[in-house]
Amino acid sequence: DWTPASFVHETVEQLKQQIGDAHVIMALSGGVDSTVAATLISKAIGDRLHGIFVDNGVLRKDEFESVLATYKKLGLNITGIDAKQMFYKELAGKTDPEAKRKVIGKLFIDVFQDEAKKVEGVKFLGQGTIYPDVIESVSVHGPSVTIKSHHNVGGLPDTMHLSLVEPLRFLFKDEVRKVGLELGIPEDLIFRHPFPGPGLAIRILGEITEEKVKLLQEADAIYTKSLKEHELYTKVWQAGAILLPVKSVGVMGDERTYEYTVALRAVTSVDGMTADWAHLPYEYLAHVSNEIINNVRGINRVVYDISSKPPATIEWE
Ligand code: XMP
195 DWTPASFVHE TVEQLKQQIG DAHVIMALSG GVDSTVAATL ISKAIGDRLH
245 GIFVDNGVLR KDEFESVLAT YKKLGLNITG IDAKQMFYKE LAGKTDPEAK
295 RKVIGKLFID VFQDEAKKVE GVKFLGQGTI YPDVIESVSV HGPSVTIKSH
345 HNVGGLPDTM HLSLVEPLRF LFKDEVRKVG LELGIPEDLI FRHPFPGPGL
395 AIRILGEITE EKVKLLQEAD AIYTKSLKEH ELYTKVWQAG AILLPVKSVG
445 VMGDERTYEY TVALRAVTSV DGMTADWAHL PYEYLAHVSN EIINNVRGIN
495 RVVYDISSKP PATIEWE
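When the letters of the sequence shown are read in order and numbered with UniProt numbering, they come out as residues 195 to 511.
Below is the structure:
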């Protein structure tokens with residue numbers, strides 16, 4: 195019978211066999227899959243797993259610090275790399291969604307490879323591939339198929355000559371979560387919503403600037419926190435805030451303001467292929483709208499996205 199405990203036990207033994215005394219490098223994203231995979235590999239080979247976690251400047255607010263702290267607590271050997279400014283520099287002036295994805299994908303690989311070169315005796319590349327990734331060889335995104343795989347670092351050039359270590363290759367998401375809990379990974383990480391590899395870059399419509407990232411991080415943090423406080427977070431499949439490239443008039447005291455609009459998105463879904471907009475209570479929407487407008491200078495209007503997929507998509511870019 196499959197149990198999380200027996201899976202952990204057997205997988206750790208297999209990993210020891212497969213890896214021997216070699217070293218493994220792996221990119222971590224802060225997501226469930228890569229964290230569970232890394233924790234299993236680390237249980238098998240300890241610090242011969244070299245995890246790399248990159249701050250690409252388009253993560254959620256405080257995400258880099260808090261995820262790194264969790265990794266350390268789990269005893270993982272992880273290097274955090276602050277590459278924010280490199281990403282902002284390359285993203286400057288880019289407005290096309292696929293161009294943004296490309297920049298992020300390419301730069302990520304460059305940063306990862308530079309770091310990987312520093313580790314000696316590396317023979318393996320760890321990946322958090324799960325069963326649906328294996329069967330979903332063609333994605334609805336067209337060009338961003340590579341993104342999904344780059345996110346799991348499948349896009350690394352062959353020149354690295356590494357064999358893959360993919361301990362979750364035959365698991366579905368709910369099984370990965372059970373294994374994660376068995377491994378003592380905190381629940382807030384295990385039940386985290388999916389987050390796209392290109393991060394907030396595809397939730398800032400049009401050009402990305404550091405200021406816009408900060409604005410969106412604030413609004414998004416308020417949104418996420420309030421969903422949790424109102425016990426709505428686990429009822430939706432994915433939620434996020436989108437910064438629109440539109441300014442509109444508002445009023446504050448006896449001053450007129452001319453500031454940005456944020457769109458809130460929350461969907462229910464099984465796998466992200468189709469999705470319905472989440473019917474969040476009006477009272478909740480009123481609350482979160484006030485919280486954002488009152489606390490984020492630079493945003494004076496909040497709208498809620500009531501489109502389903504198809505024909506809309508979950509993301510706006
Ligand atoms: P859409 O917007 O196509 O998104 O309905 C479906 C799911 O995929 C995520 N998504 C991405 N994930 N790289 C990723 O790793 C991407 O470029 C990308 N684009 C969309 C999206 O967040 C949703 O979960």
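For glycine and all other residues, C-beta sits at the position ideal for the given N, C-alpha and C.
Every value quoted in this text rests on a predicted model; they were computed, and no experiment measured them.
Hey, how far is the Cα of residue i from the Cα of residue j?
i	j	result
Asn271	Arg459	35 Å
Leu394	Val373	29 Å
Leu437	Ala457	6 Å
Lys255	Ala216	36 Å
Leu243	Ile487	44 Å
Val464	Gly391	19 Å
Thr340	Arg295	Any reading at Thr340 needs caution, since the residue's pLDDT is 38, under 50, leaving its predicted position unreliable; the model's value is listed next. Each residue's Cα considered, the two are about 9 Å apart.
Leu365	His387	18 Å
Asp241	Ala413	38 Å
Leu493	Leu383	Just to set this straight, residue 493 is Ile in the shown sequence, not Leu. One C-alpha to the other measures close to 29 Å.
Glu360	Ile239	14 Å
Gln208	Tyr417	42 Å
Asp499	Trp471	7 Å
residue 514	Ala415	Outside the modelled stretch of the chain, which goes from 195 to 511, sits residue 514, for which no answer is possible.
Leu409	Gly299	23 Å
Ile508	Thr468	9 Å
Tyr476	Val490	21 Å
Val313	Pro380	29 Å
Gly251	Val226	20 Å
Gly444	His473	27 Å
His424	Ala277	35 Å
Ala232	Lys441	43 Å
Ile329	Ala480	41 Å
Hey, would you say the C-beta of residue i is under 7 Å away from at least one heavy atom of the ligand XMP?
i	result
Ile500	no
Lys419	no
Gln211	no
Arg295	yes
Gln432	yes
Ile436	no
Pro475	no
Thr507	yes
Lys311	no
Lys367	no
Gly322	no
Ile503	Here residue 503 is Lys; the residue named in the question, Ile, does not match the sequence. Within the cutoff, so yes.
residue 512	Any question about residue 512 goes unanswered here, given that the chain covers just 195 to 511.
Pro361	no
Gly251	no
Gly391	yes
Pro326	no
Gly466	yes
Pro388	yes
In three-state terms, what does DSSP make of residue i?
i	result
Ala313	For the sequence presented, residue 313 should be read as Val rather than Ala. Val313 falls in the coil class under three-state DSSP.
Lys255	coil
residue 516	There is no way to answer for residue 516, as the model of the chain reaches only from 195 to 511.
Arg242	helix
Leu319	strand
Phe247	strand
Thr462	strand
Asp470	strand
Ser501	coil
Leu358	strand
Pro326	helix
Thr229	helix
Glu511	coil
residue 190	For the chain, the structure presents residues 195 to 511; residue 190 sits outside this window and is missing.
Phe302	helix
Arg363	coil
Asp308	helix
In the DSSP assignment, the alpha helix (DSSP H) including residue i goes from what residue to what residue?
i	result
Gly374	367–376
His217	His217 -> not in any alpha helix (DSSP H); beta strand (DSSP E) instead, spanning 217–222.
Ile213	198–213
Tyr498	Premise fails: Tyr498 lies in the beta strand (DSSP E), 493–498, not in any alpha helix (DSSP H).
Leu383	381–384
From the DSSP output, which residues share a beta bridge with residue i?
i	result
Lys283	According to DSSP, Lys283 bridges with nothing at all.
Glu449	Met446
Ile235	Answer is none; Ile235 lacks a bridge partner.
Asp276	Asp249
Gly434	Arg459
Lys441	Tyr454
Val261	Paired residues: none, contrary to the question.
Ile398	Leu437
In the DSSP assignment, the beta strand (DSSP E) including residue i goes from what residue to what residue?
i	result
Asn484	Run containing Asn484: none in the beta strand (DSSP E); it sits in the alpha helix (DSSP H), 476–489.
Tyr417	It is not in any beta strand (DSSP E) - Tyr417 instead sits in the alpha helix (DSSP H) that spans 404–423.
Is there at least one Cβ from chain D nearer than 8 Å to residue i's Cβ?
i	result
Ile384	In summary, chain D is missing from the structure at hand, where a single protein chain is found.
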